[in-house]
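Novice:
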Amino acid sequence: MASPPYAPAVKRYAPTQTPPNSPRKAPRVSVFALFSVIGLYALGFLVWGVSLSGWFVSSSTDSGNSDDVHLSPQLMRQLRRRQGAVNGNTHDGIGVDRRWMEQLLDADRPPDLRCVGWKQTDSCDLQATEVPTKNRGCDQFVRGGIGGYCLMEDEDTGQQIQVMHTACDTLHPSVTLSCRHAGDFVDFQWEVVKVSATLEREKKTAANEDSLLPMNPSEGIVMVIYPKLLVSAYASIRALRAVNCTLPVELWYIESEMDIGNGNSLLDDIPKNLQEEYGPLTLHPITDARVAGFNSKVYAIIHTEFEHVLFLDADNVPVRDPSYLFKTPEFLQTGAIFWPDFWHPANTIFNVNEDSLLWELLDMPYTDMFEQESGQLVIDKTKSSTALRMLSLFAFHDPNIFSRYKLVHGDKDLFRLAWLKTKTTFHMIANPPGIAGTVRGTKFCGMSMAQFDTNGEVLFLHRNAQKLKGGLGAKRKPDEKIWTHLQRFRYRAASPHAPEVEATFEASKPTLPPNKKIDSPHVPVGNLNMPYSLLRQKYSVHIFNGAPEFDETQWCYGQSMLTAPRYKTVEWEDTAFPNVERNLLQYANEAVALLPQSAVEYVVQSDREEAS
1 MASPPYAPAV KRYAPTQTPP NSPRKAPRVS VFALFSVIGL YALGFLVWGV SLSGWFVSSS
61 TDSGNSDDVH LSPQLMRQLR RRQGAVNGNT HDGIGVDRRW MEQLLDADRP PDLRCVGWKQ
121 TDSCDLQATE VPTKNRGCDQ FVRGGIGGYC LMEDEDTGQQ IQVMHTACDT LHPSVTLSCR
181 HAGDFVDFQW EVVKVSATLE REKKTAANED SLLPMNPSEG IVMVIYPKLL VSAYASIRAL
241 RAVNCTLPVE LWYIESEMDI GNGNSLLDDI PKNLQEEYGP LTLHPITDAR VAGFNSKVYA
301 IIHTEFEHVL FLDADNVPVR DPSYLFKTPE FLQTGAIFWP DFWHPANTIF NVNEDSLLWE
361 LLDMPYTDMF EQESGQLVID KTKSSTALRM LSLFAFHDPN IFSRYKLVHG DKDLFRLAWL
421 KTKTTFHMIA NPPGIAGTVR GTKFCGMSMA QFDTNGEVLF LHRNAQKLKG GLGAKRKPDE
481 KIWTHLQRFR YRAASPHAPE VEATFEASKP TLPPNKKIDS PHVPVGNLNM PYSLLRQKYS
541 VHIFNGAPEF DETQWCYGQS MLTAPRYKTV EWEDTAFPNV ERNLLQYANE AVALLPQSAV
601 EYVVQSDREE AS
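Numbered according to full-length UniProt numbering, the sequence shown spans residues 1 to 612.
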């Protein structure tokens with residue numbers, strides 16, 4: 001596993017101090033003084049009113065003394081929203097200039113903008129003062145963590161537009177931006193606004209959508225494969241059939257990646273065996289030159305023949321037949337089921353927070369929720385057709401603004417963002433992920449993600465940190481058993497130190513018969529009744545180095561302590577699926593045995609190139 005991404009430092013603010021009393025002077029009242037008092041009173045009343053709504057003036061005993069009063073980020077955002085409402089914007093006042101953009105909707109191309117330059121501000125607050133001595137030219141670079149914006153001029157109208165507003169947490173610190181590229185940012189904004197308007201018109205003029213739904217929709221599983229994941233795909237499909245899943249499977253692949261030369265193809269062995277022995281299974285080449293990397297998933301979902309789609313990453317393994325997901329009330333009512341990632345705004349390694357540039361780019365309000373993990377997706381393509389069209393824009397627009405500025409990681413959040421942007425319904429699984437891993441001594445090292453179903457039972461094990469390779473990795477090391485324990489967020493809090501949380505848990509604790517199998521139908525494993533506001537405070541996944549118990553190159557997820565509050569770590573033998581990893585290792589060995597030496601060498605070389 002690669003070293004963990006940057007963890008943002010905690011922001012600190014100077015304490016508020018009451019200035020000393022001024023020396024007493026003889027009474028003297030002037031018109032200027034009178035209006036000054038009135039102005040100060042009005043400002044104080046505004047701040048007081050906002051603070052009563054839950055916003056506050058920040059203070060900290062960790063900083064040096066200062067006579068300055070620093071408004072907290074929460075208060076600044078509140079003021080920013082009010083400023084935005086005055087300016088005609090609807091989301092924090094930092095998005096698309098609505099009046100200007102609405103004038104462009106009838107145009108058949110994005111606006112022609114000329115870069116004026118970078119305007120830097122003196123703090124992280126949006127209303128901070130410009131610092132002219134720190135302004136930069138269009139071709140100079142600015143690193144994430146600096147406040148400011150790009151000033152552009154519409155060449156047709158002469159109107160000046162502020163875009164790409166940044167504050168301390170808007171961009172990942174590793175990102176650099178140049179205002180010379182701000183035109184690409186606005187071009188994408190224009191495309192999103194244009195597509196949104198088109199979809200909204202179509203939605204209003206469409207006939208009754210229910211009448212368009214197919215009577216007997218086709219159901220199936222979609223996977224994307226490439227050389228490094230052939231062994232994992234074989235093992236996952238064998239596991240599907242082993243739990244009596246009979247759904248048809250489509251394997252999608254970029255055609256050029258499967259050609260190993262001399263008229264040979266990686267499709268001749270493992271995929272062919274799967275077709276013959278573990279069907280129904282069909283192969284689908286991708287020849288579109290725009291498709292590369294993560295967007296192959298989006299392409300496969302959009303072009304599959306199935307109307308009800310269960311997409312699975314090739315290294316994602318079900319522990320039970322997942323076919324029932326298509327019959328759940330959550331899917332039938334909304335048309336999509338998504339799963340949460342480890343990360344949320346209070347604990348994110350991908351910088352998806354309230355101040356992210358993401359919200360300005362998409363011209364949408366910040367949504368406080370878990371980030372998405374897209375290793376499994378359930379989608380009704382008819383009900384979700386509007387969102388899928390927006391998703392296509394997100395995935396295939398060139399240049400890719402999401403990747404350029406590291407606004408999201410790969411495809412994982414594009415689905416929920418497309419659904420949110422188009423106001424398309426979906427169900428996000430309430431249970432945050434569990435973690436499968438290894439215990440050595442008293443340290444737990446998580447290496448795989450455990451995802452739950454709508455009833456709070458483990459359904460998928462995503463081997464995303466250590467892939468199943470059958471010994472065909474860059475170092476030719478055989479696969480090892482890494483699932484000795486399962487760590488999960490506790491349904492009932494273990495610590496007595498948070499009475500309000502304990503009370504919440506006690507009120508929702510069901511009366512159920514005891515059962516040692518933590519994932520049996522009788523024992524809930526999630527926190528379906530825990531309010532999100534509490535969950536985001538208590539659920540926190542760490543990334544840490546496994547040394548000395550593990551190799552110094554081993555990075556781990558989860559809570560390292562077996563006695564970590566609010567988490568329970570249990571032995572794998574006590575789960576309802578104790579033999580799943582043993583079977584997977586067997587399937588991986590079967591897959592490797594199907595490959596000729598030329599294919600083995602090609603897969604190993606592919607892994608080495610990816611690792612370098």
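Glycine included, each C-beta is placed from N, C-alpha and C at the ideal position.
(1) Between residue 355 and residue 345, what straight-line distance do the alpha-carbon atoms span, to the nearest angstrom?
(2) Is it the case that the Cβ atoms of residue 445 and residue 546 are separated by a distance below 7 Å?
(3) Ignore the nearest five residues each way along the sequence and tell me which others in residue 45's own chain have a CB closer than 6 Å to its CB.
(4) If you draw a straight line from the C-alpha of residue 475 to the C-alpha of residue 607, how long is it?
(5) Can you tell which of 366, 422, 364 has the C-alpha that lies nearest to the C-alpha of residue 389?
(6) So, at 8 Å on beta carbons, what are the nonlocal neighbours of residue 105 in its own chain, with the 5 sequence-adjacent residues on each side left out?
(7) With DSSP as the reference, label residue 550 as helix, strand or coil.
(8) May I have the straight-line CA-CA distance separating residue 382 from residue 338, to the nearest angstrom?
(9) Let me check one thing: in DSSP terms, what residues is residue 117 bridge-paired to?
(10) Would residue 285 be called buried (16 or more neighbouring beta carbons within 10 Å of its own) or exposed?
(11) I'd like to know whether the C-beta atoms of residue 270 and residue 234 end up nearer to each other than 7 Å.
(12) Can you name the residues that DSSP bridges to residue 438?
(13) For residue 593, count neighbouring Cβ atoms within 10 angstroms of its own Cβ and tell me buried if that reaches 16, exposed if not.
(14) From which residue to which residue does the beta strand (DSSP E) around residue 256 run?
(15) Does residue 556 come out as helix, strand or coil in the three-state DSSP assignment?
(16) Return the residue from the list 430, 460, 459, 482 that minimises the CA-CA distance to residue 447.
(17) Taking a contact to mean a Cβ-Cβ separation below 7 Å, would you say residue 144 touches residue 171 in this structure?
(18) Residue 336 by DSSP, collapsed to three states: which one?
(19) If residue 188 sits next to residue 401, beta carbons under 8 Å apart, how far is it from one beta carbon to the other, in whole angstroms?
(20) Roughly how many whole angstroms lie between the Cα atoms of residue 560 and residue 443?
(21) Among the candidates 160, 535, 239, 184, whose CA atom is the shortest distance from the CA of residue 581?
(22) Determine, using beta-carbon pairs with one atom in the region 414-430 and one in the region 364-380, whether at least three such pairs fall under 8 Å.
(23) Let me know if residue 71 comes out buried or exposed under the rule of 16 or more other beta-carbons within 10 Å of its beta-carbon.
(24) Please say whether residue 471 and residue 613 have beta carbons closer to each other than 7 Å?
(25) Considering only residues of the same chain and omitting the five flanking positions on each side of residue 297, which have a CB-CB separation below 6 Å?
(26) Please report the distance separating the alpha-carbon of residue 257 from that of residue 568.
(27) I'd like the list of long-range same chain contacts for residue 219, defined as Cβ closer than 7 Å, with 5 residues on each side in sequence excluded.
(28) Just to confirm, is the Cβ distance from residue 336 to residue 426 under 7 Å?
(29) Please report the Cβ distance between residue 406 and residue 351, rounded to the nearest whole angstrom; I am assuming they are in contact, meaning their Cβ atoms lie under 8 Å.
(30) How should residue 538 be labelled, buried or exposed, when 16 other C-beta atoms within 10 angstroms of its C-beta is the threshold for buried?
(31) Which two residues bound the contiguous alpha helix (DSSP H) that contains residue 198?
(32) The alpha helix (DSSP H) with residue 275 in it runs from where to where?
(33) Could you check where the beta strand (DSSP E) with residue 164 kicks off and where it finishes?
(34) Return the chain-ordered list of same chain residues with a C-beta closer than 8 Å to the C-beta of residue 647, the five sequence neighbours on each side being excluded.
(35) Provide the residue(s) that pair with residue 249 in DSSP beta bridges, ordered along the chain.
(36) Taking the alpha-carbon of residue 558 as reference, which of 541, 376, 186, 214 has the nearest alpha-carbon?
Specialist: Well, looking at it:
(1) Each residue's alpha carbon lies about 10 Å from the other.
(2) Cβ atoms of residue 445 and residue 546: closer than 7 Å.
(3) Caution applies to residue 45, whose pLDDT of 45 falls short of 50 and renders its modelled position unreliable; the model cannot decide the point.
(4) Whole-angstrom Cα-Cα distance: 9 Å.
(5) Among 366, 422, 364, the Cα nearest to that of residue 389 belongs to 422.
(6) Apart from the 5 residues on each side of it in sequence, residue 105 sits with its Cβ closer than 8 Å to the Cβ of 193, 194, 197 in its chain, given in chain order.
(7) In the structure shown, residue 550 sits in coil (DSSP, three-state: anything other than H, G, I, E or B).
(8) Their Cα atoms are separated by approximately 17 Å.
(9) Under DSSP, the beta-bridge partners assigned to residue 117 are 151.
(10) When all chains shown are included, residue 285 counts as exposed.
(11) Judged by their CB atoms, residue 270 and residue 234 are nearer to each other than the 7 Å cut-off.
(12) In DSSP, residue 438 forms a bridge with 445.
(13) Exposed, by the Cβ-count rule.
(14) No beta strand (DSSP E) contains residue 256, which DSSP labels as neither H nor E.
(15) Strand, per DSSP.
(16) When each option's Cα is compared against that of residue 447, the closest is 482.
(17) Cβ distance < 7 Å, so residue 144 and residue 171 count as in contact.
(18) In this structure, residue 336 counts as strand in the three-state DSSP scheme.
(19) The beta-carbon separation of residue 188 and residue 401, rounded to 5 Å, stays under the 8 Å limit for a contact.
(20) Going by the C-alpha atoms only, they are around 5 Å apart.
(21) If we check each option's Cα against that of residue 581, 239 comes out closest.
(22) In short, these stretches touch, since the Cβ pair count reaches three.
(23) Only weak support exists for where residue 71 lies, its pLDDT of 40 falling under 50; the value from the coordinates is given anyway. Answer is buried; the Cβ neighbour count reaches 16.
(24) Here the chain covers residues 1 to 612 and nothing more, so residue 613 does not appear.
(25) Around residue 297, the same chain offers 224, 411 as residues with beta carbons nearer than 6 Å, after the five sequence neighbours per side are excluded.
(26) C-alpha separation (whole angstroms): 42 Å.
(27) In chain order, 247, 306, 308, 326 place their CB closer than 7 Å to the CB of residue 219, counting only its own chain and leaving out the 5 sequence neighbours on each side.
(28) Taking 7 Å as the Cβ cut-off, residue 336 and residue 426 qualify as a contacting pair.
(29) Between residue 351 and residue 406 the Cβ distance is about 7 Å, and since that is below 8 Å, they are a contact.
(30) Of the residues assessed, residue 538 falls on the buried side of the cut-off, its CB having 16 or more other CB atoms within 10 angstroms.
(31) If you look at residue 198, you'll find it in the alpha helix (DSSP H) that goes 182-205.
(32) Residue 275 -> alpha helix (DSSP H) spans 270-277.
(33) First-last of the beta strand (DSSP E) with residue 164: 160-166.
(34) This structure gives no information on residue 647, because the portion of the chain shown stretches from 1 to 612.
(35) Looking at the DSSP assignment, residue 249 forms a beta bridge with 221, 281.
(36) Of the listed residues, the one whose Cα sits closest to residue 558 is 541.
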